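In the numbering used here, the protein residues as written are 24 to 555.
Every residue gets a Cβ at the ideal spot worked out from N, C-alpha and C, and that includes glycine.
Keep in mind that this is a model prediction, so the values were computed, not measured.
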Amino acid sequence: MTRKLVTRLLAVSLAIGVLFTGCSNGSGTSAASGSASAPTAGATKSDTFTYAIPGDPGNSVNVMTTGDRYGLMTVKMLYSPLYIVNPDGIEYDLAESMTPSADHLTYTAKLRKNVKWSDGQPLTADDVVYTFNEMEKESNAGWAYGQLMFGDKMVEVTKVDDYTVQFKLPIVSSSAVEMFSQIFIMPKHIYEGSTNFENNPKNATPVGSGPYKLAEYKAGQYVKFVANDDYFLGKPKIKNIIFRIVENANTAKIALQKGEVDAALVQPSDVKDLKNDTNLTLKPYSEGRVGYMMVNTNTDNMKNKKIRQAVFFALNRDQMNKTAFLTNDYYANVYTFLPPSNPWASTTAEKYEQNVNKSKQLLQEAGVSNISLKLGYSGNDAVQQKQAVLIQQQLAAVGIKLELSGADSTALSNEMKKKGTTKYDLYLNGYIMGIDPDTYSSLFISGSPSNYSGLKDAKIDELFSKGKIETNDDKRKTIYADLQKQLQDDAVIYPICDNKKILAIKSNIAGIDEAKLVSVYSFGDMSKLYYK
C-alpha cells in the first residue's frame, strides 16, 4: 500500500531542539525606517500584544540557517512558506496548489499572484527557485541541505513561468510534500550574491512576506513587530506584536499576573497559581516534541560505545519526568528518536530502562572507573534544570562524576553546532520534526550540519536512504524499526519526554483558534489574534 504523502507540518527545531541557533550583538538594532518606539506603557491594549519568550532570537535571523525556537518564531512572523501540511490536508500560503505527476517524481507549484515583499516588490517564481537553490549549496550550511539530497543528487527546482515552479526528484520520496512545506521563501533581490547567510548584515533589516515586519530589536530585551498591512492573507488585527525576552520562568509568570505581558508559556508547577485567575486562560497543547540528552562523540570518553550505554542504563527517565512535570497530563515517556504518538515509533528497540548493575558492568568492560563528564543544558529552562540535577545524582550511583554547566539556550545550541566541539560530553535539548521519519534524517546522518552527536554510522545512513525512497508502508515500517534499533544500540541519543506546552493568555484575547497553537512557533498566524 502506498502511504499518503500529505501528512502534517514538519517543524524543525533544533533545539529546533536540535536546530536551534541564533546570534546577537550587544546593542539594540532598529530595522524600520525611523526608529520604532520601545515597548512601553504608552501603547494601548487594543493595538499591542506582548508575548514573553525565554530566549533571544538575535539580530541575524534568516530562513536559510535559523533553527532555534525563538529564531523560527521570528521567521514565521516575517516570512511565508509555500504551504503547510496539516493532518487533514494542505493549507496553502504562497502557493495556490501543489500537484504531483503520475510517477510522483515531479511536483508543480502554482503561486499566488497578489503577494508582495514588504518593500513593495512582487514575490515570484524567481524567489522560490533562488531560495531552494541556495538551500542546496552545502557551503551555505542550510538546515534542509541533507533533506534535499537523494544519494548524490539534489532536487531540481526550476521556473516554468513567473508564477509556476517545478520540483523534480531524482527518485521517489515519501516525504517530499512535507519536506517542501518547511522551507520559507526569501527575497532574491535582497540576498542575491550573498555567501554568508548566518551572519549576513541584511538579516538585521529583513524584507519579508509574512504578517508582520520587524520594527525594532534590542538584544536581551525585546523584538517588536509592526503589522504588514499588505499581508496577502489579510491585514493583521493587532498592529504591534512584541516578543519580550524574559529568561526567568518565575519572572514571566509574575509579569503575566501583573498584566505586563499578555501571554507566556508556563510550567506545570505554575498551573495551581494561575488556574483560578479569571483574567487568564490556560491552553495546554502538544508539539510532538522529543526532549533528549545527546552524547557528543567527539570527546574522548564518549567515543566508547560501552561508556555511552553505561550512562544510559544508569538513568531513570520516568523519575526525571515525574519530577519535572508533576503529572502525566503534561508528558509521555519517549524511548526512541520518534515521539510515542508517531505512527512509525518502534516498541521493540532498546528502551534503556534503568539498570544500575548493567551500567557498572559496562563501565568495567570498558576498562574505566571514576570518570568525569560535563553536561550542558539551558540554565533558564526549569525542566532542564531539574533533569540535570537528577542525571547528576543517577550517574553518581554508578561512579560517574557529572559537572553541570548551565548556559543560555542559544549559546548552548551554537556551541554544539561547532564541528568537532569537545566542550560538553552530554547536553540536554529537544527537537520538533515532522511525522515522516525521513524528516529526522538530518539529525543523525553522517556529515549533516545538524548531526550534533557527531555520529558516523554507515548502517544508519543506509537505512535512512532506503526509507526515504520506499513507498510501501509495511516495508517502510520494517526499515524504520531496524533504524530505531540500530540508533538505540549506538547510544548517542537518550530520549526523555514528549511534553506539552501550556500557554497562559489574557482572557480578553480572542482569535486563538483561528491563529492555531502549533509546534515551535506557538501561534500559526498571529495576525488572527484580536482583543475582545
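Counting only the same chain and skipping the five closest in sequence on each side, list residues whose C-beta sits under 6 Å from that of Met316.
Leu449, Leu451 and Tyr517, listed in sequence order.
Would you tell me roughly how many angstroms separate the C-alpha atoms of Gly422 and Ala227, rounded to the nearest one?
Their Cα atoms are separated by approximately 48 Å.
Cβ-based neighbour list, Ser395, same chain, cut-off 8 Å, excluding 5 preceding and 5 following:
Cβ neighbours of Ser395 within its own chain (closer than 8 Å, five residues either side excluded): Ile423, Lys424, Leu425 and Glu426.
Starting from Phe155, trace the beta strand (DSSP E) both ways and give me its first and last residue.
Following the DSSP letters along the chain, one finds Phe155 in no beta strand (DSSP E) but inside the alpha helix (DSSP H) bounded by residues Ala148 to Met158.
Does Pro229 pass the burial test, meaning 16 or more other C-beta atoms within 10 Å, or should it be called exposed?
Here Pro229 is buried: its Cβ has 16 or more other Cβ atoms, across all protein chains shown, within 10 Å.
Would you be able to state if there are at least three C-beta pairs under 8 Å between the segment 459-475 and the segment 329-339?
With a cut-off of 8 Å, the segment 459-475 and the segment 329-339 do not count as touching, because too few Cβ pairs lie within range.
Short of 6 Å in beta carbon distance, which residues of its chain neighbour Ala193, apart from the five on each side in sequence? Order them along the chain.
Sequence check: residue 193 is Pro here, not Ala. Contacts found: Phe173 and Lys176.
The beta strand (DSSP E) with Lys236 in it runs from where to where?
Looking at the DSSP string, the run of the beta strand (DSSP E) that includes Lys236 is Tyr235 to Lys241.
Are the beta-carbon atoms of Gln170 and Ser464 separated by less than 8 Å?
Closer than 8 Å, so yes.
At what residues does the beta strand (DSSP E) containing Ile528 begin and finish?
First-last of the beta strand (DSSP E) with Ile528: Lys524 to Lys529.
Using a Cβ-Cβ cut-off of 6 Å (strictly less than) and excluding sequence neighbours within five positions of Ala61, which residues of its own chain qualify?
Note on Ala61: pLDDT 44, under 50, position unreliable in the model; the coordinate value appears next. Excluding sequence neighbours, Ala61 sits near nothing in its chain.
What does the alpha-carbon distance come out to for the pair Thr63 and Val249?
At Thr63, the pLDDT of 47 sits below 50, so the modelled position is not reliable; the number obtained from the coordinates is stated separately. Annotation: Thr63 to Val249 spans about 15 Å, alpha carbon to alpha carbon.
From Thr218 to Tyr106, what does the alpha carbon distance come to, in whole angstroms?
A direct Cα-to-Cα measurement between Thr218 and Tyr106 gives close to 27 Å.
According to DSSP, simplified to helix, strand and coil, what is Thr370?
Here DSSP, grouped into helix, strand and coil, assigns Thr370 to coil.
Using 8 Å as the cut-off, can you tell me whether the segment 300-311 makes contact with the segment 535-542, which would need three or more C-beta pairs spanning the two stretches below that distance?
At 8 Å Cβ cutoff, the stretches touch.
Does DSSP classify Ile265 as helix, strand or coil?
Residue state, collapsed to three classes: strand.
Cα-Cα, which of Ile213, Asp185, Pro104 and Ala286 is closest to Met202?
If we check each option's Cα against that of Met202, Pro104 comes out closest.
Classify Val183: buried if its beta carbon has 16 or more other beta carbons within 10 angstroms, exposed otherwise.
Exposed, by the Cβ-count rule.
Per DSSP, which residues does Thr71 bridge with? Please list them.
According to DSSP, which records beta bridges pairwise, Thr71 is partnered with Asn263.
Three-state secondary structure (DSSP) at Glu215?
The answer is coil: DSSP assigns Glu215 none of H, G, I, E or B.
Three-state class that DSSP yields for Glu426 in the structure shown
Glu426 carries a strand assignment under DSSP once its states are collapsed to helix, strand and coil.
Which full runs of the beta strand (DSSP E) of 3+ residues lie inside the segment 377-439, going along the chain?
Annotation note: the segment 377-439 contains the following uninterrupted beta strand (DSSP E) runs of length 3 or greater, listed N- to C-terminal: 395-401 and 424-430.
Helix, strand or coil for Tyr503 per DSSP?
DSSP places Tyr503 in the helix class (H, G or I) of the three-state scheme.
Within 8 Å (strictly less), CB to CB, does Ala533 reach chain C?
This model lacks chain C altogether, as it is built from one protein chain only.
DSSP three-state call for Leu540: helix, strand or coil?
Looking at Leu540 - three-state DSSP - the assignment turns out to be strand.
Between the segment 486-499 and the segment 276-284, do at least 3 Cβ pairs fall closer than 8 Å?
Not touching, per the Cβ criterion.
Runs of 3 residues minimum, wholly inside the segment 65-138: which ones carry the beta strand (DSSP E) assignment?
Fully enclosed beta strand (DSSP E) runs of 3 or longer: 71-76, 106-109, 112-115, 118-123 and 129-134.
Specify, as a first and last residue, the run of the alpha helix (DSSP H) that Asn299 falls within.
Counting along the chain, Asn299 sits inside no alpha helix (DSSP H), nor does DSSP assign it H or E at all.
Note down the Cα distance separating Met439 from Gly429, rounded to an integer number of angstroms.
Straight-line Cα distance between these residues: approximately 14 Å.
Please state the DSSP three-state secondary structure of Val200.
Three-state result, Val200: helix.
Reducing DSSP to helix, strand and coil, say where Leu288 ends up.
In the structure shown, Leu288 sits in a strand (DSSP, three-state: E or B).
Would you mind stating whether Ser232 and Trp140 have Cβ atoms separated by less than 8 Å?
A contact, by the Cβ cut-off of 8 Å.
For Leu386, which residues from the same chain have a beta carbon less than 6 Å from its beta carbon, with the 5 sequence-adjacent residues on both sides left out?
So the list reads Ala333, once near-sequence residues are dropped.
Assigned exposure category for Glu376 - 16 Cβ within 10 Å defines buried:
Classification for Glu376: exposed.
Let me check understanding here. Comparing Cα to Cα, which of Ile519, Asn324 and Pro363 lies closest to Ala389?
Distances from the alpha-carbon of Ala389 to those of Ile519, Asn324 and Pro363 put Asn324 closest.
Three Cβ pairs or more, each shorter than 8 Å: is that satisfied between the segment 363-375 and the segment 501-516?
Below 8 Å, enough C-beta pairs join the segment 363-375 and the segment 501-516 to call them touching: three or more.
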